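I have placed the structure first, in the form of structure tokens, so that the comments after it can refer back to it.
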Amino acid sequence: MSDSAEDSFLQDLIDRLVPLGLILRGGFQAEPDDGAPAGTATMLLVGNAGPGLWRRSGGDLRDEADAMDAWTQRVMDPIGDRFGATVLYPFGGPPYHPFQRWAKRAEGLQSSPLGILIHPEYGLWHAYRAALCFGETMSLPDASPAGYPCDTCLGKPCLSACPVAAFSETDGYDVPACAAHLRTEDGADCMGMGCRARRACPLGHDFVYDPGQAAFHMQAFLRAR
Ligand code: B12
Ligand code: SF4
Ligand code: SF4
């Protein structure tokens with residue numbers, strides 16, 4: 001593809017994602033140890049940030065198990081067909097595709113002390129929904145390191161905000177302690193507004209999920225435990 005054909009190809013893709021509340025989250029040239037399907041030359045990541053996905057497409061979720069995953073597949077499979085890409089999803093495992101590793105390559109992000117990738121603009125309020133795998137090599141802008149705000153974050157409030165100290169820099173995330181708390185009356189705050197540790201981060205305040213969206217994800221997390 002020529003550079004201008006690639007530009008219009010990417011713009012066409014973006015134009016199909018935006019009305020759904022999805023965004024193109026960068027891409028990279030696949031290396032043999034990336035875990036991409038054989039023959040993949042370029043991977044593009046699709047995801048969401050802030051309340052946009054919920055506001056645009058939340059009403060299209062159906063009353064079914066894993067409703068967000070099912071919706072994602074319904075909208076992304078046809079996009080993959082149209083653009084000639086194999087679509088991979090972050091769900092459906094184990095084993096899982098290494099979406100966070102791919103995201104680090106695509107956008108130059110790094111892990112926060114919570115395990116979630118921190119984005120300089122979106123903070124902790126973003127996620128990945130699909131990866132598009134192409135056989136052609138596309139020229140993509142290099143993912144310049146996005147900067148790592150956690151290094152200079154005074155007091156790292158995310159690590160002390162959890163009422164049951166489920167996060168620690170040395171021991172990672174104590175999932176059973178978190179889930180047990182969420183099942184109590186005191187867990188209603190996290191269940192209704194989203195993880196308090198995530199909310200304590202000073203970055204990305206304009207992207208904090210709407211309460212309905214946060215509650216949806218917390219319920220899905222707890223159901224899966
Ligand atoms: C299994 C899983 C979990 C497990 C265990 C996480 C763990 N200890 O590894 C559980 C159920 C606990 C979990 C919880 C959450 N998860 Co989760 N999870 C995954 C999943 C499906 C697979 C991870 C994996 O094993 N990958 C395989 C390895 C080989 O891939 P990798 O990229 O090389 O590995 C990375 C991860 O393991 C990560 N990691 C290590 N420890 C932890 C701890 C946590 C909490 C997380 C999120 C990641 C993480 O670091 C590795 C190197 O980068 C991914 C989707 C995916 N396919 O990646 C989402 C994913 C990592 N989760 C995500 C999210 C948002 C959450 C929640 C915040 C969901 C919520 N409630 O809203 C919660 C966090 C808890 C909370 N209190 O809110 C996002 C993170 C997005 C981002 N900004 O980085 C992902 C990418 C899903 C998505 N659709 O975007 N998750
Ligand atoms: S509170 Fe600070 S250390 Fe924690 S995720 Fe936010 S920027 Fe990083
Ligand atoms: S959801 Fe609540 S209990 Fe669970 S880790 Fe976050 S702050 Fe802690």
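Each step along the sequence shown adds one to the number in full-length UniProt numbering, with nothing skipped, and position 134 is 134. Glycine included, each C-beta is placed from N, C-alpha and C at the ideal position. Owing to the predicted nature of the structure, the values given are computational and were not obtained by experimental measurement.
Are the beta-carbon atoms belonging to residue i and residue j less than 9 Å from one another?
i, j, result
"Leu159", "Leu203", "no"
"Pro149", "Ile118", "yes"
"Ala106", "Phe9", "no"
"Val164", "Arg225", "no"
"Met191", "Leu154", "no"
"Leu88", "Ala30", "no"
"Ala220", "Ala197", "no"
Quick one: is the Cβ of residue i within less than 8 Å of any heavy atom of ligand 1?
i, result
"Arg129", "yes"
"Met138", "no"
"Ile23", "no"
"Met218", "yes"
Leaving out the 5 sequence neighbours to the left and right, which residues in its chain are closer than 7 Å to residue i when beta-carbon positions are compared?
i, result
"Tyr128", "Arg25, Leu45, Gly47, Pro90, Phe99 and Ala103"
"Leu61", "Ala67, Met68 and Trp71"
"Gln213", "Pro51, Trp54 and Gly58"
"Val37", "Reading the sequence as shown, one finds Pro at residue 37 and not Val. Thr86 and Cys133, listed in sequence order."
"Gln73", "Tyr89"
"Ile79", "Arg16"
Could you tell me whether any non-hydrogen atom of ligand 2 is closer than 8 Å to the CB of residue i?
i, result
"Ala200", "yes"
"Leu124", "yes"
"Ile118", "yes"
"Leu114", "yes"
Once the 5 residues before and after residue i are set aside, which same chain residues still bring their CB inside 6 Å of it?
i, result
"Cys178", "Ala166"
Spatial neighbours of residue i within its chain, please: C-beta separation below 8 Å, excluding the five flanking residues on both sides.
i, result
"Ser168", "Leu159 and Asp174"
"Arg56", "Pro19, Leu20 and Gly21"
The region 144-151 touching the region 181-194, judged by at least three CB pairs closer than 8 Å: Touching, no, given that fewer than three Cβ pairs across the two stretches are closer than 8 Å.
Any residue with its C-beta under 5 Å from a non-hydrogen atom of ligand 3 counts. Can you list them all in chain order? Near ligand 3, meaning a Cβ closer than 5 Å to any of its heavy atoms, lie the following residues in chain order: Cys162, Ala166, Cys178, His181, Cys190, Cys195, Arg196 and Ala197.
Taking one C-beta from the region 49-65 and one from the region 197-211 each time, how about it: are there three or more such pairs within less than 8 Å? Of all C-beta pairs linking the region 49-65 to the region 197-211, three or more are shorter than 8 Å, placing the two stretches in contact.
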